[in-house]
Amino acid sequence: MSDFEGLTALVTGGASGIGRATAELLAGRGARVAVLDLDPSGVDKPLLGYRADVADDTSVREAVAAAVADLGGLDVLVNNAGIGAQGTVEDNDDTEWHRVLDVNVVGMVRVARAALPHLRASAHAAVVNTCSIAATAGLPQRALYSATKGAVYSLTLAMAADHVREGIRVNCVNPGTADTPWVGRLLDAADDPAAERAALEARQPTGRLVGADEVAGAIAYLASPLSGATTGTALAVDGGMQGL
Ligand code: NAD
1 MSDFEGLTAL VTGGASGIGR ATAELLAGRG ARVAVLDLDP SGVDKPLLGY RADVADDTSV
61 REAVAAAVAD LGGLDVLVNN AGIGAQGTVE DNDDTEWHRV LDVNVVGMVR VARAALPHLR
121 ASAHAAVVNT CSIAATAGLP QRALYSATKG AVYSLTLAMA ADHVREGIRV NCVNPGTADT
181 PWVGRLLDAA DDPAAERAAL EARQPTGRLV GADEVAGAIA YLASPLSGAT TGTALAVDGG
241 MQGL
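For what it's worth, full-length UniProt numbering labels the leading residue of the sequence shown as 1, then goes sequentially.
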C-alpha cells in the first residue's frame with residue numbers, strides 16, 4: 001500500500017525516536033521526506049536532512065525553504081521536535097520555563113508559520129503535532145513539560161479551526177511513554193535503570209512501553225488522505241494508560 005505516493009513531508013526532530021520512525025514510515029509508503037533536526041548528520045537516503053534549531057526563527061525559515069524547494073512542495077508537516085523537563089513548579093526557574101516553552105511550543109509555531117504558505121498549495125495538506133498524554137493526564141514531576149504539551153494540544157485545536165476552510169487539517173498524537181533514545185537517556189540517568197524501566201512498564205496497562213513505530217503509525221494515519229475528514233483531534237497512543 002502506498003498511501004503517500006506523490007506526496008511530500010517534513011518531519012521535525014526526525015533524526016531520532018518518534019520522528020525518525022515517522023520519517024522512515026512515510027518514505028516507505030511513497031512520500032518524499034525531509035527531516036529538520038538539530039543534528040541531521042545520521043539521516044540517510046532516501047530521507048533528506050536539514051540542520052535547524054526550532055528555537056531559532058531564521059534557521060527554521062531557511063531550512064523549511066530549502067526543504068520545500070528540494071521536495072518540490074509540501075503536503076505534510078509533522079511537528080515533532082521537543083525536549084523534556086522534570087520536576088514540580090518549584091524545581092524549574094524562569095529561564096528553564098522560557099527555554100522549554102520556546103522549543104516545545106513556539107518551535108512548533110515557527111515551523112508552522114514557515115510551512116503554511118506551502119501547505120495552502122497542497123490538495124492533501126495535513127499537520128500532525130506530537131503532543132503527549134502529559135497534556136491531560138496530570139503526571140507527577142512533569143509540571144513544565146506537561147504545560148508545554150497542554151499548549152500544543154490547544155494550539156492543535158486552534159490551528160484546526162483557523163485552517164480547515166483552507167483545506168489544511170491539523171491533528172495531534174498523544175503518546176504514552178515511548179521506547180525512544182530520549183527515554184533511554186532518562187533510564188540511563190536513573191540509580192537503577194532496570195528497576196526504573198520495570199516501573200515505567202508497570203504503569204502501562206499493556207505492561208510494555210509504546211513503540212516509536214506505533215506512534216509513527218498513528219501520525220501516518222492522521223497525515224494520510226485516509227483521515228481526510230478528521231481535523232482538530234488528539235489520537236492517544238498510550239497502551240490504554242489514560243483509559244484505565
Ligand atoms: P528523541 O530525543 O529521541 O528525538 C527528538 C529529536 O528532536 C532529536 O533528533 C533532537 O535532535 C530533535 N530536537 C530536539 N530539540 C530540537 C530543536 N530545538 N530543534 C530541532 N530539533 C530538535 O525524542 P522522542 O522521544 O522521539 O520525542 C519526540 C517527540 O515526542 C517530542 O515532542 C516529545 O515531547 C514527544 N513525546 C515523547 C514521548 C516519549 O515517551 N518518548 C512521549 C510523549 C511525547
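The beta carbon of each residue, even a glycine, is placed where N, CA and C say it ideally should be. The structure displayed is predicted, hence computed values, not measured ones.
Delimiting residues of the beta strand (DSSP E) encompassing residue i
i: arginine 20; result: Arginine 20 -> not in any beta strand (DSSP E); alpha helix (DSSP H) instead, spanning 17 to 28.
i: valine 35; result: 32 to 37
i: arginine 208; result: Here arginine 208 belongs to no beta strand (DSSP E), and DSSP marks it neither H nor E.
i: alanine 125; result: 125 to 130
i: glycine 84; result: Looking at the DSSP string, glycine 84 is not in any beta strand (DSSP E), and its letter there is neither H nor E.
i: leucine 235; result: 234 to 237
Spatially closest choice to residue i from the options, by CA coordinates
i: glutamate 96; options: Ala9, Thr130 and Leu144; result: Leu144
i: valine 127; options: Ala69, Glu90 and Leu157; result: Leu157
i: alanine 161; options: Thr233, Asp238, Val100 and Asp94; result: Thr233
i: glutamine 242; options: Thr88, Ile18, Pro225 and Gln204; result: Gln204
i: isoleucine 18; options: Pro117, His124, Gly184 and Ala229; result: Gly184
i: aspartate 75; options: Gly239, Pro225 and Thr230; result: Pro225
i: alanine 123; options: Glu166, Arg113 and Val109; result: Glu166
i: proline 181; options: Val170, Leu209 and Leu155; result: Leu209
i: glycine 49; options: Asp3, Val89, Arg29 and Asp70; result: Asp70
i: leucine 26; options: His118, Val78, Ala52 and Gly82; result: Val78
i: histidine 163; options: Asp188, Ala121, Thr148 and Ala135; result: Ala121
i: alanine 178; options: Val215, Arg20 and Gly73; result: Val215
i: glycine 107; options: Gly6, Ala66 and Leu155; result: Leu155
i: proline 46; options: Asp57, Ala66 and Glu24; result: Glu24
Nearest-angstrom Cβ-Cβ length linking residue i and residue j, presumed shorter than 8 Å
i: glycine 14; j: leucine 36; result: 7 Å
i: alanine 9; j: alanine 31; result: 5 Å
i: cysteine 172; j: asparagine 129; result: 4 Å
i: valine 33; j: valine 11; result: 6 Å
i: glycine 176; j: valine 237; result: 7 Å
i: isoleucine 168; j: alanine 125; result: 4 Å
i: threonine 22; j: alanine 220; result: 7 Å
i: valine 54; j: arginine 110; result: 6 Å
i: asparagine 80; j: cysteine 131; result: At roughly 10 Å, the Cβ-Cβ gap does not stay under 8 Å, so asparagine 80 and cysteine 131 are not in contact.
i: arginine 142; j: alanine 151; result: 14 Å between Cβ atoms; not a contact.
i: leucine 235; j: alanine 218; result: 5 Å
i: arginine 20; j: serine 2; result: Not confirmed; about 20 Å, so no contact.
i: valine 89; j: threonine 148; result: Wrong, their Cβ atoms sit about 13 Å apart, outside the cutoff.
i: glycine 240; j: threonine 206; result: 6 Å
i: alanine 190; j: glutamate 196; result: 4 Å
Residue range of the alpha helix (DSSP H) that includes residue i
i: arginine 61; result: 57 to 71
i: leucine 119; result: 107 to 119
i: leucine 47; result: Run containing leucine 47: none; DSSP gives neither H nor E here.
i: threonine 95; result: 94 to 101
Residues that DSSP places opposite residue i in a beta bridge
i: alanine 9; result: Val33 and Val76
Checklist entry - At which residue ranges does the region 125 to 193 contain complete beta strand (DSSP E) runs of 3 or more residues, listed in the order of the chain? => result 125 to 130 and 168 to 175
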